[in-house]
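Visitor:
In the numbering used here, the protein residues as written are 3 to 131.
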């Protein structure tokens, strides 16, 4: 699964996910928009994929586990965001589109550590309810 890239055509845009060593690469293609929009089904598929890859990394005996010592995301109004390698990953529920919105302010390709992925999955699950 190391080099396998998963591409999802979501409600608006494309999200690519792949394992990159001990990180998970998330790439966002907005397709001429400002963000990717995910339906509930898109959300569920992305959650499942991120969880599967995170488990593979976590269960690797060579993986050096980093302790989870504090909440990594911040919340302003309806936006949940993470600072990741100089970029800000933002997830929110877009009521007008009835969809989860994902965007990054700088890089559209992020290499994300497991502790961040766990929080991202939890927020995606929360927003899909």
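By construction, the Cβ of each residue, glycine as well, lies at the ideal position given by its N, Cα and C atoms.
What are the residues that DSSP puts in a beta bridge with residue 29?
Guide: Within the chain shown, residue 29 is the residue found at index 27, counting from 1. Bridge partners of residue 29: 18 and 111.
Visitor: If you reduce the DSSP assignment to three classes, tell me which class residue 3 lands in.
Guide: On the chain shown, position 1 is the one that residue 3 refers to. With a pLDDT of 48 at residue 3, under the threshold of 50, the modelled position of this residue cannot be trusted, and the question is left open.
Visitor: Whether or not the stretch 108-119 and the stretch 82-91 are in contact is what I'm after, with contact meaning three or more pairs of Cβ atoms, one per stretch, closer than 8 Å; do they touch?
Guide: In short, these stretches touch, since the Cβ pair count reaches three.
Visitor: Would you call the CB atoms of residue 114 and residue 122 closer than 9 Å?
Guide: For this step, residue 114 is matched to residue 112 along the chain shown. For this step, residue 122 is matched to residue 120 along the chain shown. Contact flag set, yes.
Visitor: According to DSSP, which residues form a beta bridge with residue 86?
Guide: By 1-based counting over the chain shown, the position of residue 86 is 84. Residue 86 pairs with 89.
Visitor: Enumerate in chain order the residues of its own chain whose CB-to-CB distance from residue 3 is below 6 Å, with the five nearest sequence positions on each side excluded.
Guide: Within the chain shown, residue 3 is the residue found at index 1, counting from 1. Below a pLDDT of 50, predicted positions are generally treated as unreliable, and residue 3, at 48, falls in that range; the measurement from the model is reported next regardless. Closer than 6 Å at Cβ, skipping near neighbours: 21.
Visitor: With DSSP as the reference, label residue 41 as helix, strand or coil.
Guide: Your numbering for residue 41 matches position 39 in the chain shown. Of the three classes helix, strand and coil, the one that applies to residue 41 here is coil, per DSSP.
Visitor: Only counting the same chain, and skipping five residues up and downstream in sequence, which positions put a Cβ closer than 6 Å to that of residue 99?
Guide: For the purposes of this step, residue 99 is taken as the residue at position 97 of the chain shown. Hits under 6 Å: 39.
Visitor: Could you confirm whether any beta carbon from chain D is found closer than 9 Å to the beta carbon of residue 121?
Guide: Absent from the structure: chain D. Only one protein chain is present.
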